[in-house]
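Under my numbering, the residues of the sequence shown are numbered 2 to 239, in order.
These notes are about the structure you will find just below.
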Amino acid sequence: MESITTDDFLNGKVKLRQSVHGLRATSDAVLVAAAVKAKKNDTVLDVGAGNGIIGLCIAARVPVQINALEIQENLVQLIQENATLNDRKVTVIRMDLFQRTDPLKGKLFHHVVTNPPFYDTHGKSRANAEQAKAYSANFDLNKWLDYCLKHIRAKGTFTMIHRPEMLGDILMILEQKLGGIEIIPIYSKVNQPAKRVIIRGILGSQKPTSLMAGVVLHTQTDKPTSSATKLLRQGRSF
2 MESITTDDFL NGKVKLRQSV HGLRATSDAV LVAAAVKAKK NDTVLDVGAG
52 NGIIGLCIAA RVPVQINALE IQENLVQLIQ ENATLNDRKV TVIRMDLFQR
102 TDPLKGKLFH HVVTNPPFYD THGKSRANAE QAKAYSANFD LNKWLDYCLK
152 HIRAKGTFTM IHRPEMLGDI LMILEQKLGG IEIIPIYSKV NQPAKRVIIR
202 GILGSQKPTS LMAGVVLHTQ TDKPTSSATK LLRQGRSF
């Protein structure tokens, strides 16, 4: 039987059941949720939702309609369990976004979010199949982002997190449809290279791309910074 833990996020505002040896939620997902400028009753589509943490973290801040797209059956089950655990309604769609048939065809959302797999697993192996699929970047990122973009309503937002070295490739794709793109570097400590970038933009906006002030997560003594505490513990937004 699969080992499951129940863990607290946002100081217990979100409780998450997740596999001990499979996909584990990290601060990346919480940061993506904090970057979504959602309003009451907005619709949110989380593409590659994993165990559902992004939507649940957004809903802990503002009541939204959560839609979660995920391919792995065991993760779909966890999303449903986590929705119940947090007393949230989540519409879960199990599908491979690279397949020809799209059950969401024609449906548009106020906000589309994604924390796509981005680890280079070439030449490596993971004992757990769930981990291998959830973390591996061995897929067509262009198609992944194209799927996200075609489900955003006019003036709706797109938000994602990724590795800084992929920023150029990502912007080449997003700038074809999004404007007002904001790039937010995420630093582990001061004077270290950014370890992540959050990218968000607005469909159809004519505003230029901007590099925003970054977020530093830890002090030199490895304690959470005040900014990290507000975002990761208190549920504040960017």
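All C-beta atoms, glycine included, are put in the ideal place defined by N, C-alpha and C.
All of these numbers come straight from a predicted model, not from anything done at the bench.
Is it right to say residue i is buried, meaning 16 or more other beta carbons lie within 10 angstroms of its own, or is it exposed?
i      : result
Ala214 : exposed
Asn192 : exposed
Glu166 : exposed
Lys125 : Residue placement at Lys125 is flagged as unreliable, the pLDDT there being 46, under the threshold of 50; the coordinate-derived value follows with that caveat. Lys125 should be labelled exposed.
Gly53  : buried
Asn68  : buried
Asp43  : buried
Gly248 : Not covered by the structure: residue 248. The range shown for the chain is 2 to 239.
Gly51  : buried
Leu212 : exposed
Glu176 : exposed
Arg197 : buried
Residue i by DSSP, collapsed to three states: which one?
i      : result
Leu24  : coil
Leu212 : strand
Pro186 : strand
Ile200 : strand
Thr6   : strand
Gly169 : helix
Val31  : helix
Ile44  : Rather than Ile, the amino acid found at residue 44 in this sequence is Thr. Strand.
Leu218 : coil
Thr115 : strand
Leu109 : coil
Ser227 : helix
Leu11  : coil
Phe239 : coil
Please name the residue in the options whose C-alpha comes closest to that of residue i.
i      : options                        : result
Thr210 : Glu82, Gln73, Ile199, Val37    : Ile199
Ser4   : Phe119, Asn12, Asn75           : Asn75
Asp88  : Asn12, Leu57, Pro118, Arg101   : Leu57
Thr222 : Thr160, Phe239, Gln66, Lys190  : Lys190
Asp103 : Thr92, Phe110, His152          : His152
Ser20  : Lys41, Gln66, Gln73, Ser228    : Gln73
Val31  : Ala61, Cys149, His22           : Ala61
Ile171 : Trp145, Ala195, Thr85, Lys106  : Trp145
Ala155 : Ile185, Gly202, Lys196, Pro118 : Gly202
Ile162 : Asn12, Ala34, Glu176           : Ala34
Ile59  : Leu11, Pro118, Leu86           : Leu11
Ser182 : Leu98, Phe99, Gly157, Lys196   : Reading the sequence as shown, one finds Ile at residue 182 and not Ser. Cα-wise, what sits closest to Ile182 is Gly157.
Under 8 angstroms between the Cβ atoms of residue i and residue j?
i      : j      : result
Leu218 : Lys178 : no
Arg25  : Leu79  : no
Ile174 : Asn143 : yes
Val37  : Thr115 : no
Val45  : His111 : yes
Lys16  : Thr6   : no
Val91  : Phe159 : no
Gly236 : Lys14  : yes
Minimum length 4: unbroken alpha helix (DSSP H) runs contained in the stretch 46-106: Segments of the alpha helix (DSSP H) lying fully in the stretch 46-106: 54-62, 74-86.
What residue ranges within the stretch 141-167 form continuous beta strand (DSSP E) runs of no fewer than 3 residues, ordered along the chain? 153-163
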